[in-house]
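Trainee:
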Amino acid sequence: AGYRVVAISPAPDECAQFVREDFAGDAGAIERFHAVLFRDPPTVILPSRLDHDPLSTRRRWDELIQSLAEGEAGSGWKIDCLFFAWLDSFLRFGSRGSGPGRLKIPWSGLYFQNRHLLETEGLLERGIRLLKGDGLLNHEGCHSVGLLDDRPAKRFENLYGVEPVLFPDITNSSLPEQPTDRAEAIRDEAGDRFVLGMISMEPRKGVMEMLRVVDAARDQPYYWVFTGPYEEDWFTGEDRELIHRLKGEADRGEINHLHLDLSGERIPDGDEYNSVFNAYDAVLAVYPGWEASSNALTTAALFEKRVLAWNGGCVGQRVRDDRLGLTVDPDDVGEILEAVGCLVEGVDREGNPLDPEFATYREQHS
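Just so you know, we're using this note's numbering here: the sequence shown kicks off at 535 and counts up by one.
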């Protein structure tokens with residue numbers, strides 16, 4: 535768009551390399567980009583997997599102010615505004631004096647973990663907002679806040695007077711001319727059966743809930759696919775036993791309705807990922823307790839795949855609003871199998887055509 539951009543990043547060389555490759559042949563665009571190091575501080579008080587104790591938040595602002603100065607000195611440009619690609623870590627436990635009060639330019643950012651604003655207002659909710667640092671959003675320098683999940687938008691505006699902007703859940707849309715070997719193998723294994731699948735076997739994605747359905751669906755004409763990142767220590771006890779029992783039965787040919795890949799191999803974004811995704815007839819998005827959005831819905835709308843989702847959160851709401859598929863109670867095996875039968879027929883539970891609004895969803899999240 536002709537703007538000059540300073541990227542403040544823990545990996546500035548990687549940023550610069552990406553721009554050189556993506557804008558090869560456009561010297562003007564490359565010259566309008568400069569990357570500078572951001573030294574993200576470790577947590578001091580809380581466990582290292584968390585990024586938001588009071589001391590590290592203060593140090594994060596110190597590092598940001600220094601990186602801004604280094605960015606201006608290195609580029610020779612004056613930075614006019616600042617955008618936080620992950621705003622959360624600069625708000626939590628923050629104070630106006632140690633944070634936004636030190637910025638002399640307007641700023642905005644993308645705020646991810648904001649489900650606390652969906653709770654009923656009360657003493658606990660106000661305490662969470664205080665610890666989250668949401669009060670910094672009414673600083674005069676904050677011009678807007680980006681949201682992937684638009685449900686808290688009105689409260690943001692009412693509480694802090696800041697304009698909420700809905701960000702699309704974008705996704706890579708490339709697809710090879712021919713299915714990849716992995717995708718072709720899935721379709722060959724499935725035959726003419728209806729294929730339901732997920733990519734990435736993180737517990738939050740309802741892997742165990744779905745495997746219990748698989749265990750109960752041996753005589754059903756469906757084929758279930760679980761592939762992508764997987765780690766043994768994500769699961770313990772009975773869950774791990776079920777995973778390995780089903781894997782053993784599938785490998786020995788005792789069941790033939792399951793593709794369970796425990797290699798943990800990441801499926802590369804782009805052609806490979808999308809080709810596997812496109813091999814499914816329906817997408818499993820039954821994420822128990824997951825309140826946030828998911829670009830799995832965008833990919834489903836792109837390739838016009840029906841969705842089986844959990845009945846809560848942003849995902850469940852969007853699936854219902856745009857009739858992308860059906861929502862279920864993650865713990866009700868019978869309800870899930872009934873919903874799968876409806877998806878096969880392309881109807882809702884009342885027998886009416888689903889008529890998914892894929893085009894509308896694609897437009898909203900392009």
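The C-beta atom is built at its ideal place from N, Cα and C for all residues, glycine as well.
(1) How long is the line joining the alpha carbons of T761 and F811, rounded to whole angstroms?
(2) Whose C-beta lies closer than 6 Å to the C-beta of H899 among residues of the same chain, with five residues either side of it excluded?
(3) Name, in chain order, the residues that DSSP records as bridge partners for Y757.
(4) Apart from the five residues on each side of it in sequence, which residues of its chain come closer than 8 Å, Cβ to Cβ, to R883?
(5) Would you say N829 and L709 are within 7 Å of each other, going by their C-beta atoms?
(6) Rounded to a whole number of angstroms, what is the C-alpha to C-alpha distance between P640 and E597?
(7) Helix, strand or coil for G859? Go by DSSP, reduced to three states.
(8) Confirm, please, whether the CB-CB distance from S590 to A569 is below 7 Å.
(9) Three Cβ pairs or more, each shorter than 8 Å: is that satisfied between the region 813-830 and the region 780-794?
(10) Short of 8 Å in beta carbon distance, which residues of its chain neighbour N706, apart from the five on each side in sequence? Order them along the chain.
(11) May I have the straight-line CA-CA distance separating N845 from W611, to the nearest angstrom?
(12) Kindly indicate which residue of D855, G798 and R896 has the alpha-carbon position closest to the one of E838.
(13) Report buried or exposed for E799, applying the criterion of at least 16 other Cβ atoms within 10 angstroms of its Cβ.
(14) Specify the secondary structure class of V696 as computed by DSSP and reduced to three states.
(15) Looking at C-alpha atoms only, which residue of D863, S642, H793 and G885 is the closest neighbour of A724?
(16) What are the complete beta strand (DSSP E) segments, minimum 3 residues, inside the region 644-681?
(17) Using alpha carbons as the reference points, say which of H778, Y757, V759 and D753 lies closest to E765.
(18) Leaving out five residues before and five after P822 in sequence, what residues of the same chain have Cβ atoms less than 7 Å from its Cβ?
(19) Quick one: what's got a C-beta closer than 8 Å to S827's C-beta in the same chain, skipping five residues either side?
(20) My assumption, with CB atoms under 8 Å, is that F769 sits in contact with P737. Please give the rounded CB distance.
(21) R752 and H791 look like a contact to me (Cβ under 8 Å); what is the Cβ gap, rounded to whole Å?
(22) Please report how far the alpha carbon of V539 lies from the alpha carbon of S609, in whole angstroms.
Mentor: Here's the rundown:
(1) As a first step, residue 761 must be located in the sequence shown, where it is residue number 227. As a first step, residue 811 must be located in the sequence shown, where it is residue number 277. Going by the C-alpha atoms only, they are around 10 Å apart.
(2) Residue 899 sits at position 365 when you count from the first residue of the sequence shown. Hits under 6 Å: P702, D703 and T832.
(3) By one-based count along the sequence shown, residue 757 stands at place 223. Bridge partners of Y757: V729.
(4) Locating residue 883 in the sequence shown gives position 349, counting from the first residue. Hits under 8 Å: L860, E872, A873 and C876.
(5) Working through the sequence shown from its first residue, we reach residue 829 at position 295. Working through the sequence shown from its first residue, we reach residue 709 at position 175. No, the pair does not count as a contact, with Cβ atoms beyond the cut-off.
(6) Residue 640 sits at position 106 when you count from the first residue of the sequence shown. Residue 597 sits at position 63 when you count from the first residue of the sequence shown. About 18 Å.
(7) If you number the sequence shown from 1, residue 859 lands on position 325. Reduced to three states, the DSSP call for G859 is strand.
(8) Here residue 569 corresponds to residue number 35 of the sequence shown, with the count starting at 1. Here residue 590 corresponds to residue number 56 of the sequence shown, with the count starting at 1. Taking 7 Å as the Cβ cut-off, A569 and S590 do not qualify as a contacting pair.
(9) no
(10) For this step, residue 706 is matched to residue 172 along the sequence shown. D803, G804, Y807 and N808, listed in sequence order.
(11) Taking the sequence shown and counting its residues from 1, one reaches residue 845 at position 311. Taking the sequence shown and counting its residues from 1, one reaches residue 611 at position 77. Cα to Cα, N845 sits roughly 49 Å from W611.
(12) Along the sequence shown, read from residue 1 onward, the residue named residue 838 stands at position 304. Nearest option by C-alpha distance: R896.
(13) For the purposes of this step, residue 799 is taken as residue 265 along the sequence shown, with counting starting at 1. Answer is exposed; the Cβ neighbour count stays below 16.
(14) For this step, residue 696 is matched to residue 162 along the sequence shown. Residue state, collapsed to three classes: coil.
(15) Counted from its first residue, the sequence shown places residue 724 at position 190. Closest option to A724, Cα to Cα, is H793.
(16) 676-681
(17) In the sequence shown, residue 765 corresponds to position 231, counting from 1. It is H778 whose Cα lies nearest to the Cα of E765.
(18) Position 288 of the sequence shown, counting from 1, holds the residue named residue 822. Contacts found: G740, E743, W844 and P864.
(19) Taking the sequence shown and counting its residues from 1, one reaches residue 827 at position 293. Here the set comprises L682, D683, D703, C848, V849 and R852.
(20) To locate residue 769, count along the sequence shown from 1; it is residue 235. To locate residue 737, count along the sequence shown from 1; it is residue 203. Yes, F769 and P737 are in contact; Cβ-Cβ is about 7 Å, under 8 Å.
(21) Numbered from its first residue, the sequence shown carries residue 752 at position 218. Numbered from its first residue, the sequence shown carries residue 791 at position 257. About 6 Å; that satisfies the 8 Å criterion.
(22) To locate residue 539, count along the sequence shown from 1; it is residue 5. To locate residue 609, count along the sequence shown from 1; it is residue 75. If you take the alpha carbons of V539 and S609, they lie about 10 Å apart.
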